Amino acid sequence: MRDALNPFETINNQLNELKKIVLEIKDKPRDYSLKHYTRKQAAAILKCSRDTLSRYINTGQIAIIKQGERLHLINHYQLYSKNNELKEFRYKRTKA
């Protein structure tokens, strides 16, 4: 009897459920643990040259994953902190 009065009530209920699902998906934090960058992409993100990035890699400030002889991948969390802020690599003083 109630459906006869408002035929759009079931559609409205389904729409509200879909809104809840979309909001849950939207607010879910992204998982960057599987995100990797090439050396060229990482240099662009850090706004430095590839030579500078190679120096960071050679000094151990950035760890790489070797995929074959020429392909070196850098994990997302080597460049960004856990709260997705870019790490600072410049002007790090080392103890002598």
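Residue numbers (our numbering): 113 to 208. Glycine included, every Cβ here is placed at the ideal spot set by N, Cα and C. Predicted model, so just to flag it, every value in this text is computed and none were measured.
Along the length of the region 119 to 198, whole beta strand (DSSP E) runs at least 3 residues long occupy 177 to 179 and 183 to 187, reported in chain order. About 14 Å separates the Cβ atoms of F201 and Y149, ruling out a contact at the 8 Å cut-off. With 16 or more other Cβ atoms inside 10 Å of its own Cβ, I174 counts as buried. For R162, the CB contacts under 7 Å within the same chain, skipping 5 residues up- and downstream, are R151, K152 and A155 in chain order. Annotation for S193: K199 place their beta carbon closer than 8 Å to its own, counting only its chain and skipping 5 residues before and after.
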